[in-house]
Every structure is written in C-alpha cells, then in structure tokens.
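Under the UniProt record's numbering, the first residue of the sequence shown is numbered 1, with each subsequent residue one higher. Ideal placement from N, C-alpha and C gives every residue a C-beta, glycine not left out. Everything on this sheet refers to the single structure shown next.
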Amino acid sequence: MPYRQGPCGECPARRDNARNPRARFPAAMWRHLRATTFGDGGDLFGCHRGAPGHPGIDCACAGVLAAFGQQSLTVLLARHHGRLPAATLRAGERWPALYTDWDQMAAAQTLRPGDPVDHLPPLLQQIAELEHQGPILTCSTNCWPNAGLNTRPPANRATPATPTTRTEPVAPGPGPRFAAGLGPGARRVDGGGWHRGRRHSG
C-alpha cells in the first residue's frame, strides 16, 4: 500500500498548519473525509500532493495515518496483512505536532470566507463558493458522514436535493482507494462524491 514517509508541508493533520489556509478544505469535504477514519472500511485519507516526485500517484497521508490510523478499519486490516509497517501509525521523532482529535482538526482546517481556493480542484472550489454564499450542501449519510460541524442550512433557504452516490474504484482489482479529493485526478462521481482516482482522458 503506497504511503508517504512523513507529512507534507500542507498536511492538515499538522497543528502548525492551523493558520495555513492552503491546508483547509470545504466543510462538506471534511464530512466526507471523516469516513476514511471512522467508517467501516473503504477509502483511505490520501495525501493531496500525491506521492513525492509523482504527484499524479495516490498515496496515504502520513499525518492522518499517524494521528488517526489506529481508528481506521482499513488501516488496521492493512497493518494486519503486512501491507503497512507499524511505524506508519506513529509520528516520527522530528515530526511536527499532530492533532489527536478529529473534530478539532476538521474545525481548524475548514475553509473560511476569504481563504484562497486556488489549491483546490475546480469541483471543490465550487463547493467552497456555495458554502460561503450561505446554503450548506447536504448529502446522503454514507457520502458526507457528520464531522461534528454545522450542517443545517439557514431556515430561509431550501435544502438542496440529496444526490445519490456510487463509489468508483481507482484501479481494477484489489487495492486501496484514496479520498483526498484533491490533485490532478480529482473528479466527481454521480453528482455526489469526490474521489482522487486515475486520470481519465476525454
């Protein structure tokens, strides 16, 4: 299973990125990403920068693995089957401090009005714009699990229709899927979920 050896400079799991707007995602994306740690197995939290030297290749986020990997069924199964070394589940000696509470990390790393969004793919830029206009996107439970953030739209606005979601594997056959939602392979699936997958032509 591919993974980074250490957290990248914009890793949202790093506490020293609390004031770094380029480590932030829209609130809807955080609700989706929660399932990578607290779900019943499936996608892994992928590094938004991709593999070092190969930005188009997905790999697991080192910071999230170390901070929250022990709570992920997918990570624990990979560890059990020898696809992840034990060292990936703890921070290195010279690493920056990591968050230990998921909701605290998500709250600190949620995009705010005025934050730059040029580091996000176009689809997430659109979500950020919609969130800052007022209505907050909703989705099915398995698409955007509750991250402890405010998900209720204002009372004077209609709730958008809940889209249906189909999970599309990133590669044929067995192997990990990554749900960073960022990078050159980011694309929308059935109008509901965002996954970092293989780049498609056309």
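Check: If you run the structure through DSSP and keep just helix, strand and coil, what is residue 203?; Outcome: The displayed coordinates of the chain run from 1 to 202. Any statement about residue 203 would go beyond what the structure contains.
Check: Assuming contact is defined by CB atoms lying nearer than 8 Å, are CYS11 and ALA23 in contact in what I supplied?; Outcome: yes
Check: Would you grab the beta carbon distance between ARG125 and VAL117 for me? Rounded to a whole angstrom, and I think it's under 8 Å.; Outcome: Here residue 125 is Gln; the residue named in the question, Arg, does not match the sequence. So it is a contact: roughly 5 Å between Cβ atoms.
Check: Report all residues from its chain with a CB closer than 6 Å to the CB of GLN5; omit the five preceding and five following residues, and keep chain order.; Outcome: none
Check: Kindly list the residues whose CB is nearer than 8 Å to the CB of ALA86, restricted to its own chain and excluding five residues on each side of it in sequence; keep chain order.; Outcome: ARG79
Check: Quick check on PHE25: does DSSP put it in helix, strand or coil?; Outcome: strand
Check: Alpha carbon to alpha carbon, what distance is there between GLY92 and GLY69?; Outcome: 14 Å
Check: Where does the unbroken alpha helix (DSSP H) through THR74 begin, and where does it stop?; Outcome: 73-80
Check: Exposed or buried, what is ARG14 when buried is set at 16 or more other beta-carbons lying within 10 Å of its beta-carbon?; Outcome: buried
Check: State the Cα-Cα distance for the pair LEU120 and GLY56, rounded to the nearest angstrom.; Outcome: 15 Å
Check: Would you mind giving the Cβ-Cβ distance between residue 209 and ALA67, rounded to the nearest angstrom? I have them listed as a contact below 8 Å.; Outcome: With the chain covering 1 to 202 only, the question about residue 209 has no answer from this structure.
Check: How many Å lie between ASP40 and LEU33 at the Cα?; Outcome: 13 Å
Check: Residue range of the alpha helix (DSSP H) that HIS132 falls in?; Outcome: 122-133
Check: Would you call THR37 buried or exposed, if buried means 16 or more other Cβ atoms sit within 10 Å of its Cβ?; Outcome: buried
Check: Going by DSSP in three states, GLY69 sits in which element: helix, strand or coil?; Outcome: helix
Check: Are PRO7 and GLY53 close, meaning C-beta to C-beta below 8 Å?; Outcome: no
Check: Just tell me which of SER72, ASN20, CYS47, ALA51 has its CA closest to the CA of TRP102.; Outcome: SER72
Check: DSSP beta-bridge partners for ALA60?; Outcome: TYR3, GLY46
Check: Is it true that the CB of ASP43 sits closer than 8 Å to the CB of ALA51?; Outcome: no
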